[in-house]
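Since the structure comes first, as structure tokens, the remarks are kept for the end.
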Amino acid sequence: MTMPSAAATAPRAPQTAVAARRVAQIVDAAARIVDERGAERLTTAAIAQETGLAIGSVYRYFPDRVAILVELGRRSRERLHARLATAFEIRQPTLEQAIDAFVDVVAQHYRTEPSVRSIGMGDRVDLGPQRERVQWTEIAAPVVDAFERDHHVPHALAAVAIDTAGPMVDALVELGFRGLESGEPSFLQHARLVARGCIRRTIG
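Residue numbering for the sequence shown follows our numbering, starting at 165 and increasing by one per position.
Quick look at the structure:
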């Protein structure tokens, strides 16, 4: 079976404030459905029922359910970036505390962001060979900047460290939230230890 291209699954950009609100309404409904029932139960018909919109209105903005899941992943990455930007406005006294803060913000994102436990940052949406690759240096750019600003880590090394540690942190945090809404503390602590070791080895 040929999978749709990224362009084919992209949402149609809203042209007006009304359209932007409608897109947000659809994506919010999709997040609730995914959070409560799982990504496999998401359909355009379910979204139409949840929102009270005609199914044609859903298709006006998204060509199919995959496009909606892709948009959920994009929104999740954008919101995690915003959380990290807010958290790292405050200087962490040590590099270890900064690393722990990074892990804790990722955990908080899993705790509060609808759909993330099902589709992650969008990388668990099945797009065949075009599966999303999460760019941790983009999502966690505020962490990279803080490592350089507050702890004098060269920017290039900080970027490599986060790009390496990010997927491991994400995987461990995801495991910690399987079936446990507050997160399993042992997995979250292991994520901190793994992140510290990985980042320390990378930056030397």
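Even glycine gets a Cβ: it sits at the ideal position worked out from N, Cα and C.
- When Cβ pairs closer than 8 Å are counted between the two stretches, the segment 264–281 is seen to touch the segment 337–355, the count reaching three or more.
- Cα atoms of Ala183 and Ile190: separation of roughly 11 Å, rounded to the nearest angstrom.
- With respect to the C-alpha of Ile303, the residue from His316, Cys362, Thr250, Ile211 having the closest C-alpha is Thr250.
- According to the DSSP assignment, Thr258 belongs to no alpha helix (DSSP H), since it is labelled neither H nor E.
- Counting the other CB atoms within 10 Å of its CB gives Leu206 a total of 16 or more, which places it among the buried residues.
- Ala265 and Asp287 have their C-alpha atoms some 23 Å from each other.
- Apart from the 5 residues on each side of it in sequence, Phe351 sits with its Cβ closer than 6 Å to the Cβ of Leu336, Leu339, Gly340 in its chain, given in chain order.
- The segment 255–262 and the segment 313–320 touch, with no fewer than 3 CB-CB distances between them shorter than 8 Å.
- In this structure, the beta-carbon distance from Trp300 to Ile263 does not fall below 8 Å.
- Where Phe311 is concerned, the enclosing alpha helix (DSSP H) starts and stops at 305–315.
- In the DSSP assignment, Glu242 falls within the alpha helix (DSSP H) that extends over 229–251.
- Here Thr180 is exposed: its Cβ has fewer than 16 other Cβ atoms, across all protein chains shown, within 10 Å.
- In this structure, Tyr223 keeps its C-beta atom at 8 Å or more from the C-beta atom of Val187.
- It is roughly 14 Å from the alpha-carbon of Ala194 to the alpha-carbon of Pro227.
- With contacts defined by Cβ atoms closer than 8 Å, Val234 and Val324 do not form a contacting pair.
- Nearest to Pro331 by C-alpha distance, out of Asp309, Gly220, Cys362, is Cys362.
- Under the three-state reduction of DSSP output, Ser346 falls in the coil class, being neither helix nor strand.
- When only Cα atoms are considered, Ala355 and Glu214 end up about 36 Å apart.
- For Glu200, the enclosing alpha helix (DSSP H) starts and ends at 181–201.
- Nearest neighbour of Gly237 by Cα position, chosen from Gly368, Ala310, His273, Glu260, turns out to be His273.
- Ile232 counts as buried, since no fewer than 16 other beta carbons sit within 10 angstroms of its beta carbon.
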